[in-house]
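See below for the structure under consideration.
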Amino acid sequence: MIPSDVAFDRFLREKHARREKRYSHISSRIAVEDLPPEHLYHWIAKWANHQLADIGVNSTAGVVLPPLHFELIEVNNDSAGAHTFEADEWGFIVMTKPMLDEMLRLSRLLVDQNPVFMTQQIAPAASAQEISELLLLMQFCFVMSHEYSHLVRQHLNDRPPYADALGVSLRQAQELDADGYGIYHNLAFFFNGRGRALASQLLKISSPKHLENSILSCFLLAAMLQFCARWAGKMRVEADLRAEHPPHPVRIEYTILFIEMWCREIGAMSTTWMTDGAIKDYFSAAARLFPPKLKATWDKQVSLLKSPRSEQYLTEIRRSVHRLRTGEDGTPPP
Ligand SMILES: [Zn+2]
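The numbering of the sequence shown is numbering that gives the first Met the number 0, which starts it at 0 and goes up by one.
The structure is reproduced here in structure tokens:
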């Protein structure tokens with residue numbers, strides 16, 4: 000088997016030679032191994048590859064995957080994004096440097112702007128630096144597991160599951176399906192897996208109840224940061240099945256739904272945060288980090304989604320996501 004860096008370089012050279020637009024902004028992989036081990040880029044790439052090497056059949060629900068490899072990549076613009084593709088015998092998950100830099104900046108900014116909430120509710124004994132490190136890690140995991148889920152859920156296959164049945168809504172349903180599968184993966188990691196010790200160490204919390212509440216709050220905040228950031232990069236008000244991604248308010252709504260389902264069905268945890276105003280506060284805290292224009296167009300998008308014009312679109316999305324997740328035909332009850 001050829002080494003992953005050779006496979007990556009070869010893949011990129013081929014794509015550039017064919018002038019494929021999707022990959023034209025990618026310049027190269029970042030040689031993180033040449034950086035000091037404590038450098039964020041080096042540390043996180045090594046950590047990600049360690050996690051990917053460790054994924055068992057349980058997590059893939061029996062789907063056989065190629066060996067997976069993470070690369071942090073240099074781009075010739077400021078595009079913040081992540082992609083997944085297969086090359087030679089490898090499955091790659093890549094993240095652009097601007098995206099990781101943005102995660103770091105947003106984590107720090109969120110902690111700096113909400114000192115009372117962070118120290119009184121999230122983690123009284125942790126430093127601002129430590130809380131922001133957990134928020135960074137959670138944003139990273141959120142995006143990574145979304146990409147990973149595209150592979151596990153076989154969205155990249157030539158004939159992906161339910162392609163014929165879902166038709167035009169397939170693409171957006173796959174995005175929400177990847178969000179959902181990724182979220183289940185993340186929550187299992189942070190509540191029951193090795194992520195729990197990591198969170199406890201960074202937040203300096205030993206009480207199980209307090210730790211679980213703080214993990215949940217940080218995870219919700221991390222998700223909101225990512226959706227606001229992606230929205231800020233592409234503010235287009237629409238409810239259209241032909242668009243590549245569902246509108247971000249729809250993704251947030253489903254994210255909250257998936258987290259709530261996990262808490263209820265797997266985590267056996269309280270879901271009072273759904274109704275006690277916490278969600279609204281978290282969203283406002285994330286949205287405040289961006290220029291006011293973000294909130295204005297976001298509100299416009301939300302009104303469009305609430306208008307009768309979007310009813311058919313939302314029904315179609317609901318039916319399609321239900322089909323992908325359960326294999327069942329028909330629309331689930333609201
Ligand atoms: Zn995706």
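Quick reminder that beta carbons are idealized off the backbone N, C-alpha and C, glycines included.
Under the rule that 16 or more other beta-carbon atoms within 10 Å means buried, what is residue i, buried or exposed?
i: L373; result: The structure shown does not extend to residue 373, since the chain is modelled only from 0 to 333, so the question has no answer here.
i: H38; result: exposed
i: G276; result: exposed
i: G90; result: buried
i: P123; result: exposed
i: G329; result: exposed
i: L155; result: exposed
i: D176; result: buried
i: M102; result: buried
i: D354; result: Summary: the structure shown does not reach residue 354, with the chain confined to residues 0 through 333, and so no result is reported for it.
i: L43; result: Note that residue 43 is Ile in the sequence shown here, rather than Leu. Counting Cβ neighbours within 10 Å, I43 comes out buried, since at least 16 surround it.
i: A196; result: exposed
Three-state secondary structure (DSSP) at residue i?
i: E327; result: coil
i: F84; result: strand
i: H49; result: helix
i: F289; result: coil
i: H68; result: strand
i: E19; result: coil
i: G181; result: helix
i: R193; result: coil
i: G166; result: helix
i: M0; result: coil
i: S26; result: strand
i: V301; result: helix
i: I92; result: strand
i: E73; result: strand
i: E37; result: coil
i: D203; result: A small correction: the amino acid at residue 203 is Lys; Asp does not occupy that position in the sequence shown. Note: K203 maps to coil in three-state DSSP.
i: S58; result: helix
i: V63; result: coil
i: A172; result: helix
i: S78; result: coil
i: S306; result: coil
Hey, would you say the C-beta of residue i is under 7 angstroms away from at least one heavy atom of ligand 3?
i: A172; result: Ligands displayed in this structure: ligand 1; ligand 3 is not among them.
Are residue i and residue j close, meaning C-beta to C-beta below 8 angstroms?
i: F141; j: Q225; result: yes
i: L109; j: L220; result: yes
i: A60; j: V151; result: yes
i: Y147; j: I182; result: no
i: R21; j: F7; result: no
i: M143; j: A47; result: yes
i: P245; j: Q300; result: no
i: Q173; j: L323; result: yes
i: H24; j: S78; result: yes
i: L71; j: S106; result: no
- request: Could you name each continuous alpha helix (DSSP H) segment of 4 residues or more that falls completely within the stretch 221-287, going from the start of the chain to the end?
  value: Listed in chain order, the complete alpha helix (DSSP H) runs (minimum 4 residues) inside the stretch 221-287 are 247-264, 277-286.
- request: Check whether the stretch 285-293 touches the stretch 216-236, counting contact only when three or more Cβ pairs, one atom from each stretch, lie closer than 8 angstroms.
  value: yes
message: If contact is defined by three or more beta carbon pairs under 8 angstroms, each pair taking one atom from either stretch, is the stretch 299-314 in contact with the stretch 157-164?
response: no
message: Please give me, in chain order, every unbroken run of the alpha helix (DSSP H) with length at least 4 that falls completely inside the stretch 103-160.
response: 127-151
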